[in-house]
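Enquirer: Here it is, the structure in full.
2 protein chains.
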Amino acid sequence: MEINIQKMAKRDIRELKTYKPEVISCPIRMEANENPFVINSQLKKQVLDSIAKISLNRYPDSLSMDLREIISKKSGIKIENTLIGNGSDELIQMLITAFCEKGEKILYPVPTFSMFGIIAKSLGASPQEVPLNPEWDIDLEEIKKAYEKLKPKIIFLSSPNNPTGNCFSENTLLEIIKTFPSLVVVDEAYADFCGKTFMGHLEEFNHLIVLRTLSKIGMAGLRVGYLIAHEEIVNILHKVRLPYNSNSLSQKAATVLLEESDELESQIKMIIEGREFLWKELKDLEKLGGIIPFPSHANFILFKTQKNADHIHMRLTEEGILIRNLNVPGPLKNCLRVTVGQPFENQAFIKALKKVTANKT
Amino acid sequence: MEINIQKMAKRDIRELKTYKPEVISCPIRMEANENPFVINSQLKKQVLDSIAKISLNRYPDSLSMDLREIISKKSGIKIENTLIGNGSDELIQMLITAFCEKGEKILYPVPTFSMFGIIAKSLGASPQEVPLNPEWDIDLEEIKKAYEKLKPKIIFLSSPNNPTGNCFSENTLLEIIKTFPSLVVVDEAYADFCGKTFMGHLEEFNHLIVLRTLSKIGMAGLRVGYLIAHEEIVNILHKVRLPYNSNSLSQKAATVLLEESDELESQIKMIIEGREFLWKELKDLEKLGGIIPFPSHANFILFKTQKNADHIHMRLTEEGILIRNLNVPGPLKNCLRVTVGQPFENQAFIKALKKVTANKT
């Protein structure tokens, strides 16, 4: 028997494109918003020593208690208000799974993190986009109009926003939380690079949810994200959480690295310094007319190119430097995004960018 | 603002109970169908050495190529026909997410693995159960009737079945695959303990899907499951797969352990020997009238107790031995499930079971 597999798939899925991370091989990788620094060998040894003690044959701690305990200790948030995900992608998936019936709306300003829309579609929810204003800030009136029309179940806001790099106006964001009886998810994936968090408002608003991830501060390989919210929300999410969603190795490594966080904190400082360096250099380049950089509070900088961005992106890869090509029609036309690298990588990138934007091509 | 969180959750979710793994602390744990043996220190060193080389700051390989390559090499299945999940739980989740519209049915015989139904409910699909016959085998007529009435999108069959331990009649299973134009998922989580697999039928049937997991053969802590199916199915699942669903550490550890599989294979042999030992002892006990064991091709044995199973379960934990209590009204009334342990654990369990079933309590 041979059956028509395509016709078996959900209608929403048939139209969905597979998300494919860039896999161009380059010596300098500044495309994925990772922390470019490795941990020192002593800390690495500590991580490996504690991994060595794990019984691989046993299931992980279903509730990730050790990891949630250190997160609780560092953030001052109670353990009951925390939840671990296999990356924050999985937490977004849990939120939509638990709260959105088929066809129910989720709302977010664009451009932003593409997984909100991709995950929503895969689960049969309906992603609704509201454009950011030309300063990449939230247009409150537009959000209000969209809210009234669409009554979204969840509003997703990234702070700082990816790929634009800026933080939305704090007052606007608070106004959204205060005004709309939706769940409001503030994705703070890049908050470590700006120091601003909305966790302080959690007691005030039981419909506020904060997402954090360890992926941007040096642990992308582990797939550990966490969610902070009212206990009622956490308990509902536990119902849809796969019982062993976080593996033993990642739980342990993340726990050790958060306990010994001095190293990560000094790396975050270096990344912020690297961002300042890149910003200054990109502003200098702007004067020559080749590019326009946008202010960033994250570990990357978005910039618009005067010439065709696809070409500049390709030329940079030829120079051994991979950055993210975001060039599609719309507000991101001719936009590229560079992740802050190690100092030598930042220098190499600026040098290469000067070369490829100066060239008559 | 305070909103009614409970009313925000999806209707199906409100009724769903949280799946809670047993967390009673016992020196001897025979409740979770894990491999009781740890790996030898040389192999452990090999695993740790390769983990030491991972750059934790970088995202994992989105496509888990090394791991899929070794799986392909061992199974003779092409890489394009394989897919890695964060445990096979996640593969079940992907299948239902990709193929079941809200309210569409999934069908499976019961008793079986509870996650089929739990995951289906969380995703808005409708789980439909057909009772197994008194020999715990599939009742083909009942399945046919249910199929005609319900037209399920996916049929889930476990081979061997958990918690009953038996393999369903091969002819019946093949008849189901041949007859029904649904997706047919054969969950082979325990197939390493019986040697029988349906992978050989994949070329014949493009709607057959085989699930495997590394959790039962010594890697429960890693959360690695894999799926084998027609490329069209794999490609549809890639659309709903979170891009980094498998972390770097687990990918690497699983790859090393599968490359050096002699150790695992000798452990599987010891587990089968342990199962034979337990079976013989339980059959002896049956003669005394206290229990009825059911034949098993898995790494556990199900048995029915004459006295109240809750009480026997509690008394066993007092003796330091944790097994799985499955006692609920219905076919599993007074049923307990014991996972094969190390030889000393199997002996301790039999000794304790004799004691607690003999006791006048």
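Chains as they are written, first to last, in our numbering: chain A, 1 to 361; chain B, 1 to 361.
We treat Cβ as the ideally placed atom computed from N, Cα and C, and that holds for glycine.
#1: Using the three-state DSSP reduction, which class does B/Asp-12 fall into: helix, strand or coil?
#2: Report the three-state DSSP secondary structure of A/Ser-248 (helix, strand or coil).
#3: What first and last residue would you give for the beta strand (DSSP E) that runs through B/Leu-183?
#4: For A/Ile-268, tell me which candidate among A/Lys-283, A/Ser-88, A/Ser-25 and A/Glu-34 has the shortest Cα-Cα distance.
#5: Tell me B/Leu-316's beta-bridge partners as DSSP assigns them.
#6: Output needed for A/Lys-10: all residues of its chain with C-beta closer than 8 Å, excluding positions within five of it in sequence on either side, in chain order.
#7: Could you name the residues that DSSP lists as bridge partners for A/Tyr-226?
#8: Straight-line CA distance for B/Ile-217 to B/Thr-97?
#9: Closer than 8 Å, Cβ to any Cβ of chain A: which residues of the segment 146–162 of chain B, in chain order?
#10: Would you list the one or two residues that DSSP bridges to B/Glu-129?
#11: Just the Cα atoms here: how many angstroms apart are B/Tyr-108 and B/Leu-140?
#12: Which chain A residues are close to B/His-207, counting only those with a beta carbon under 9 Å from its beta carbon?
#13: Contact between the segment 249–258 of chain A and the segment 50–58 of chain A is defined here as three or more beta-carbon pairs at a separation below 8 Å; is this criterion met?
#14: For a contact defined as C-beta to C-beta under 9 Å, what are the partners of B/Gln-46 on chain A?
#15: Alpha carbons only, please: which of A/Lys-304, A/Val-356, A/Ile-312 and A/Ser-122 is nearest the one belonging to B/Ile-243?
#16: From B/Thr-255 to A/Gln-93, what distance separates their C-alpha atoms?
#17: Kindly list the residues whose CB is nearer than 7 Å to the CB of B/Ile-292, restricted to its own chain and excluding five residues on each side of it in sequence; keep chain order.
#18: Below 6 Å CB to CB, which residues in the same chain sit around B/Thr-361 once its five sequence neighbours on both sides are set aside?
#19: Determine the closest residue to B/Ser-159 out of B/Leu-183, B/Leu-322, B/Phe-193 and B/Ser-261, with distance taken between C-alpha atoms.
#20: Say whether chain A places a C-beta atom closer than 7 Å to the C-beta of B/Glu-318.
#21: Could you tell me the distance, in whole angstroms, from the CA atom of A/Val-338 to the CA atom of A/Val-110?
#22: Span of the alpha helix (DSSP H) holding A/Thr-172?
#23: Kindly identify the DSSP beta-bridge partner or partners of A/Arg-337.
#24: Let me check one thing: in DSSP terms, what residues is A/Ile-372 bridge-paired to?
#25: In whole angstroms, what is the alpha-carbon distance linking B/Ala-298 and B/Lys-73?
#26: Using the Cα positions of B/Phe-344 and B/Phe-113, report the straight-line distance between them to the nearest angstrom.
#27: Just the chain B side, please: which residues come within less than 7 Å of A/Val-184 by C-beta, in chain order?
#28: Closer than 7 Å by C-beta to B/Gly-341: which residues in its own chain qualify, once you throw out the five before and the five after it? Chain order, please.
#29: Can you give the Cα-Cα distance for B/Leu-63 and B/Ile-228, rounded to whole angstroms?
#30: By the DSSP assignment, the alpha helix (DSSP H) with B/Pro-343 in it spans what residues?
#31: Can you confirm whether B/Met-219, when its beta carbon is compared against all beta carbons of chain A, has any partner nearer than 7 Å?
#32: From A/His-313, A/Gln-42 and A/Phe-116, pick the residue whose C-alpha is nearest to that of A/Val-185; which is it?
#33: Please report the straight-line C-alpha distance between B/Asp-262 and B/Lys-196, rounded to a whole angstrom.
#34: For a test of the three-state rule: what should DSSP assign to A/Ser-266, helix, strand or coil?
#35: B/Ser-126 and B/Gly-225: beta carbons closer than 7 Å?
Expert: Once the coordinates are examined:
#1: Looking up residue 12 of chain B in the second sequence gives position 12. Helix, per DSSP.
#2: What you label residue 248 of chain A is simply residue 248 of the first sequence in a count that begins at 1. Of the three classes helix, strand and coil, the one that applies to A/Ser-248 here is helix, per DSSP.
#3: Residue numbering aside, residue 183 of chain B sits at position 183 when the second sequence is read from its first letter. Where B/Leu-183 is concerned, the enclosing beta strand (DSSP E) stretches over 183–187.
#4: Counting from one through the first sequence, the residue named residue 268 of chain A turns up at place 268. Measuring from the Cα of A/Ile-268, the nearest candidate turns out to be A/Glu-34.
#5: Within the second sequence, the letter at position 316 stands for residue 316 of chain B. In the DSSP output, where bridge partners are listed per residue, B/Leu-316 has none listed.
#6: If you number the first sequence from 1, residue 10 of chain A lands on position 10. Hits under 8 Å: Gly-124.
#7: Taking the first residue of the first sequence as position 1, residue 226 of chain A is located at position 226. Paired residue(s): A/Ile-84 and A/Arg-212.
#8: Translated into the one-based positions of the second sequence, residue 217 of chain B becomes position 217. Translated into the one-based positions of the second sequence, residue 97 of chain B becomes position 97. Near 28 Å, if we compare the C-alpha coordinates of B/Thr-97 and B/Ile-217.
#9: Lys-153
#10: Residue mapping note: residue 129 of chain B aligns to position 129 of the second sequence, counting from 1. B/Glu-129 is bridged to B/Tyr-108.
#11: Residue mapping note: residue 108 of chain B aligns to position 108 of the second sequence, counting from 1. Residue mapping note: residue 140 of chain B aligns to position 140 of the second sequence, counting from 1. Each residue's Cα considered, the two are about 12 Å apart.
#12: To locate residue 207 of chain B, count along the second sequence from 1; it is residue 207. What B/His-207 touches in chain A: Met-1, Glu-2, Ile-3, Ile-5 and Met-8.
#13: yes
#14: For this step, residue 46 of chain B is matched to residue 46 along the second sequence. What B/Gln-46 touches in chain A: nothing, since even the nearest Cβ is about 12 Å away.
#15: As a working note, residue 243 of chain B is residue 243 in the second sequence. For clarity, residue 243 of chain B is Pro in the given sequence; the question names Ile instead. For the residues A/Lys-304, A/Val-356, A/Ile-312 and A/Ser-122, the minimum Cα distance to B/Pro-243 belongs to A/Ser-122.
#16: Position 255 of the second sequence, counting from 1, holds the residue named residue 255 of chain B. Position 93 of the first sequence, counting from 1, holds the residue named residue 93 of chain A. Taking the straight line from one Cα to the other gives about 27 Å.
#17: Position 292 of the second sequence, counted from the first residue, corresponds to residue 292 of chain B. Excluding residues within five positions, the ones whose Cβ falls inside 7 Å are Glu-286, Phe-303 and Lys-304.
#18: To locate residue 361 of chain B, count along the second sequence from 1; it is residue 361. Any reading at B/Thr-361 needs caution, since the residue's pLDDT is 44, under 50, leaving its predicted position unreliable; the model's value is listed next. Excluding residues within five positions, none has a Cβ falling inside 6 Å.
#19: For the purposes of this step, residue 159 of chain B is taken as the residue at position 159 of the second sequence. Here the closest residue by C-alpha is B/Phe-193.
#20: Your numbering for residue 318 of chain B matches position 318 in the second sequence. No, B/Glu-318 lies away from the interface with chain A (no Cβ there is under 7 Å from its Cβ).
#21: As a first step, residue 338 of chain A must be located in the first sequence, where it is residue number 338. As a first step, residue 110 of chain A must be located in the first sequence, where it is residue number 110. Their backbone Cα atoms lie some 19 Å apart in a straight line.
#22: The residue you call residue 172 of chain A lines up with position 172 of the first sequence. Element bounds for A/Thr-172: 170–179.
#23: By one-based count along the first sequence, residue 337 of chain A stands at place 337. Paired residues: A/Leu-302 and A/Arg-324.
#24: Any property of residue 372 of chain A remains undetermined from this structure, which presents chain A solely from 1 to 361.
#25: Translated into the one-based positions of the second sequence, residue 298 of chain B becomes position 298. Translated into the one-based positions of the second sequence, residue 73 of chain B becomes position 73. Approximately 24 Å, taken between the alpha carbons.
#26: Along the second sequence, read from residue 1 onward, the residue named residue 344 of chain B stands at position 344. Along the second sequence, read from residue 1 onward, the residue named residue 113 of chain B stands at position 113. C-alpha separation (whole angstroms): 28 Å.
#27: Here residue 184 of chain A refers to the residue found at position 184 of the first sequence. The premise fails here: A/Val-184 is roughly 10 Å from chain B at the closest Cβ pair, so nothing lies under 7 Å.
#28: Within the second sequence, the letter at position 341 stands for residue 341 of chain B. Within the same chain, B/Gly-341 has close Cβ partners Ile-28, Met-30, Pro-36, Gly-274 and Phe-349.
#29: Residue numbering aside, residue 63 of chain B sits at position 63 when the second sequence is read from its first letter. Residue numbering aside, residue 228 of chain B sits at position 228 when the second sequence is read from its first letter. Roughly 15 Å between the two C-alpha positions.
#30: The residue labelled residue 343 of chain B in the question sits at position 343 within the second sequence. From DSSP, the alpha helix (DSSP H) with B/Pro-343 extends over 343–358.
#31: Here residue 219 of chain B refers to the residue found at position 219 of the second sequence. Yes, contact with chain A.
#32: Walking along the first sequence from the start, residue 185 of chain A turns up at place 185. The candidate whose alpha carbon is nearest that of A/Val-185 is A/Phe-116.
#33: Position 262 of the second sequence, counting from 1, holds the residue named residue 262 of chain B. Position 196 of the second sequence, counting from 1, holds the residue named residue 196 of chain B. Cα-Cα distance, rounded: 19 Å.
#34: Counting from one through the first sequence, the residue named residue 266 of chain A turns up at place 266. Looking at A/Ser-266 - three-state DSSP - the assignment turns out to be helix.
#35: As a working mapping, residue 126 of chain B is identified with position 126 in the second sequence. As a working mapping, residue 225 of chain B is identified with position 225 in the second sequence. No.
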